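Undergrad: I'd like to ask some things about the structure below.
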DNA sequence: TAAATAAATGACAACGTCGACATTTTTTCT
DNA sequence: AGAAAAAATGTCGACGTTGTCATTTATTTA
């Protein structure tokens, strides 16, 4: 591998002068610079970051640690936001996943330390509470899409699920719906709880009665291994006589909403005229392809990623972070299903 | 930052002995090893990979270069497969995206070289032909989901779109369908061409007549900025009288299939009894949530990623790669829509 | 024109680790 | 016990780069 010394010899200058050219330092005569640049091009020299790092002890790389492999549509947005912000700042990105186990997480922390990463974005695929496998984190860390209730000084960025649920429920109430059902995510999930509470509060404030029997789980089974049952649940709701049937169904996510719309079709109930459907997450693959297009609450994962990256960068820059936990608004995207 | 010398001083041994302990070399007395390990734990020492790399000039990290940010459902599977195989081999993964521009790609190649990556997986989000921005690639490279027709010696792994299209079309023919329509992807895309050719061949072989008017584009506009028109196209097909209407519709992907099913519902045409629908890609989010569940051709992106990673590892291990271009089979996933 | 100042370049050490080789300690053998 | 062999540990330098400081060269000033 060609090194700075090879270039120096080839150009007939000292290695330090080559270093100056490479790092665009001011005091190099134009003629010298040119000579060196030619040599660099000629020999195909590329500086060795590892050697640089050895002197500076700063790698210029940020690590993303995720629980499950980055395999869901959410995570993809999230990572996109992170990447965009970090590459603006000239930082590299190293992605590693823990497999969701404590051992795995410890191994990743170690790798990150070995590579002297500048900082870490600790991201989960679902909004949840977490406990780090290494306390305190050995590198500057920002939590993404999760929070650590027992470590309130760890910065975090999460979606405001309560606000999202509130906005959706209030919208349905404002549209005049009086009989509103809610098919939820797996109830153990943080997001499900927050959205459920928001649903209740919004309807109470709007004076819309809440029917406990119409708050139904769209999934069954343990978190991570649940099976879908939204189609069945929705079919039962929609089989009720016209004047007893819900006129609106709020859904824990867009996949549930797709099943609800499928159930409505099967039951010959028209969306949105007979029953309005509101989704959650705005998975474009579903929301913009099903007809009618889905009215849904967008989860701003791209922005969450971007914000988290920004927060980490400011942390690394030595800024004091005032607001520890950012909650990002979830906008209602009105399309045709409600 | 605590270095090997700090540990050595603390444990009262030489730095080389610490090095031996860290690298699990045999010839260290148990008592010494223990002393050193205590010191390591006490001081929180973590070896510096950069310094190691400086001696060995091998980073143990493989780069993934993608065109568009890893943001589609495909890419997520792909990267998952790559990651799983590489972490088996103890390699790290560095993901970077080129933004689809030549400058961006050059910058990424440079970064990869600066970090002395062991090798590169060059992945695209859609199966396509590519020309590298740097020829020949300065690091060992395997193309993933794309191929370079003018550089036949570059190893690549791609889905066998022809075979997938063939299997799907033959299945419909075997089920006895005589009137089969095909709503395609953007016709410029490689996958669309291969699948289209397979569609024609399969029907010819089965003796099913091909109606040119029934091969219709589901998208319009340039690649990357197309708009969906599958719902409209399908609605027109399904508005035909019962005995002139297609009895089966093959779709370029699952998003198209979802629109076709939506159109069928709107037209009060039953799936699969009146019209069978076959998708492509097996996007689980759609295929397992829409009712009826989608019969579709799976794109083995996870396996493609895994295979590509494996291929690169063998390349790095000095093995000679006999088969330059791997085509991965696309299995038909039979569910309820056909 | 010589001295004074500024600009350009170079010599050398240091970063953290490990390979090559040297030295010391322990064990085995006669 | 003393010599020989084996095991354990240490010394030193090199990897590629850049910071510090010294030196050379060019430019300005009196």
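Chains as they are written, first to last, in the working numbering: chain A, 1 to 338; chain B, 339 to 676. Glycine included, C-beta positions come from ideal geometry on N, C-alpha and C. Bear in mind the structure is a predicted one, so any value in this text is a computation, not a measurement.
Could you tell me whether the stretch 588–605 of chain B touches the stretch 559–571 of chain B, where touching means 3 or more Cβ pairs closer than 8 Å?
TA: Counting Cβ pairs under 8 Å, three or more are found: they touch.
Undergrad: What's the call for residue 578 of chain B, buried or exposed, on a 16-neighbour Cβ count within 10 Å?
TA: Residue 578 of chain B is exposed by the Cβ-count criterion.
Undergrad: Taking residue 182 of chain A and residue 332 of chain A to be in contact with their CB atoms under 8 Å, please state how far apart those CB atoms are, rounded to whole angstroms.
TA: Not really, about 16 Å apart at Cβ, beyond 8 Å.
Undergrad: Roughly how many whole angstroms lie between the Cα atoms of residue 645 of chain B and residue 415 of chain B?
TA: Distance between the alpha carbons of residue 645 of chain B and residue 415 of chain B: 13 Å.
Undergrad: For residue 348 of chain A and chain B, any beta-carbon pair shorter than 9 Å?
TA: Within the shown structure, residues of chain A are numbered from 1 to 338, placing residue 348 of chain A beyond reach of any answer.
Undergrad: Listed in chain order, which residues of the stretch 90–109 of chain A have Cβ atoms closer than 8 Å to some Cβ of chain B?
TA: Listed in sequence order: 92, 93, 94, 95, 96, 97.
Undergrad: What does residue 49 of chain A touch in chain B if you count any residue whose Cβ is under 7 Å from its own?
TA: Correct list: 452, 453.
Undergrad: Could you check if residue 417 of chain B belongs to the surroundings of the ligand NAD, using beta carbon to heavy atom distance under 8 Å?
TA: Looking for the ligand NAD in the displayed structure turns up nothing, as the structure carries no ligands at all.
Undergrad: So with Cβ pairs under 9 Å, would you call residue 142 of chain A a contact of chain B?
TA: Closer than 9 Å: no.
Undergrad: Can you give the beta carbon distance from residue 217 of chain A to residue 184 of chain A, rounded, assuming they're within the 8 Å contact cut?
TA: The Cβ separation is near 5 Å, so the contact holds.
Undergrad: Report yes or no: do the stretch 36–49 of chain A and the stretch 5–17 of chain A share at least 3 C-beta pairs separated by less than 8 Å?
TA: Contact holds: three or more Cβ-Cβ distances are below 8 Å.
Undergrad: Let me know the secondary structure DSSP gives residue 166 of chain A once reduced to three states.
TA: Looking at residue 166 of chain A - three-state DSSP - the assignment turns out to be helix.
Undergrad: Mind checking residue 340 of chain A: buried by the 16 CB within 10 Å criterion, or exposed?
TA: The first residue shown for chain A is 1 and the last is 338, placing residue 340 of chain A beyond what the model contains.
Undergrad: Roughly how many angstroms separate the alpha carbons of residue 325 of chain A and residue 157 of chain A, rounded to a whole number?
TA: Using only the alpha carbons, I get a separation of about 6 Å.
Undergrad: What do you get for residue 115 of chain A, buried or exposed, if any count of 16 or more other CB atoms within 10 angstroms of its CB means buried?
TA: The residue in question, residue 115 of chain A, is buried, as its Cβ has 16 or more Cβ neighbours within 10 Å.
Undergrad: Does the structure place the stretch 439–454 of chain B close enough to the stretch 413–430 of chain B that three or more beta carbon pairs sit under 8 Å?
TA: Touching, no, given that fewer than three Cβ pairs across the two stretches are closer than 8 Å.
Undergrad: In angstroms, rounded to a whole number, what distance separates the CA positions of residue 285 of chain A and residue 372 of chain B?
TA: Approximately 56 Å, taken between the alpha carbons.
Undergrad: Using the Cβ count rule (16 or more neighbours within 10 Å means buried), how would you classify residue 514 of chain B?
TA: Exposed: under 16 other Cβ atoms inside 10 Å.
Undergrad: Hey, how far is the Cα of residue 516 of chain B from the Cα of residue 502 of chain B?
TA: When rounded, the distance between both Cα atoms is 20 Å.
Undergrad: Is residue 150 of chain A closer than 9 Å to residue 127 of chain A when the C-beta atoms are compared?
TA: No.
Undergrad: Cβ of residue 601 of chain B less than 9 Å from any chain A Cβ?
TA: For residue 601 of chain B, the answer is yes, since a Cβ of chain A falls inside 9 Å of its Cβ.
Undergrad: List, in order along the chain, the chain A residues whose C-beta lies closer than 7 Å to that of residue 604 of chain B?
TA: Result: 291.
Undergrad: Between the stretch 298–316 of chain A and the stretch 262–279 of chain A, can you find at least three pairs of beta-carbon atoms closer than 8 Å?
TA: In short, these stretches do not touch, since the Cβ pair count stays below three.
Undergrad: Given that residue 624 of chain B touches chain A, what residues does it touch there, using C-beta distances under 7 Å?
TA: The contacting residues are 285, 286.
Undergrad: Under a CB-based cut-off of 9 Å, is residue 399 of chain B close to chain A?
TA: For residue 399 of chain B, the answer is yes, since a Cβ of chain A falls inside 9 Å of its Cβ.
Undergrad: DSSP three-state call for residue 260 of chain A: helix, strand or coil?
TA: Note: residue 260 of chain A maps to helix in three-state DSSP.
Undergrad: Going straight from the alpha carbon of residue 267 of chain A to that of residue 328 of chain A, what length do you get?
TA: Residue 267 of chain A and residue 328 of chain A: Cα-Cα distance of roughly 37 Å.
Undergrad: Whole angstroms is fine: what's the gap from residue 269 of chain A's alpha carbon to residue 582 of chain B's?
TA: Near 28 Å, if we compare the C-alpha coordinates of residue 582 of chain B and residue 269 of chain A.
Undergrad: Run through DSSP, which three-state label would residue 621 of chain B get?
TA: Three-state result, residue 621 of chain B: coil.
Undergrad: So who's on the other strand from residue 330 of chain A, going by DSSP bridges?
TA: DSSP, once it has assigned bridges, lists no residue as partnering residue 330 of chain A.
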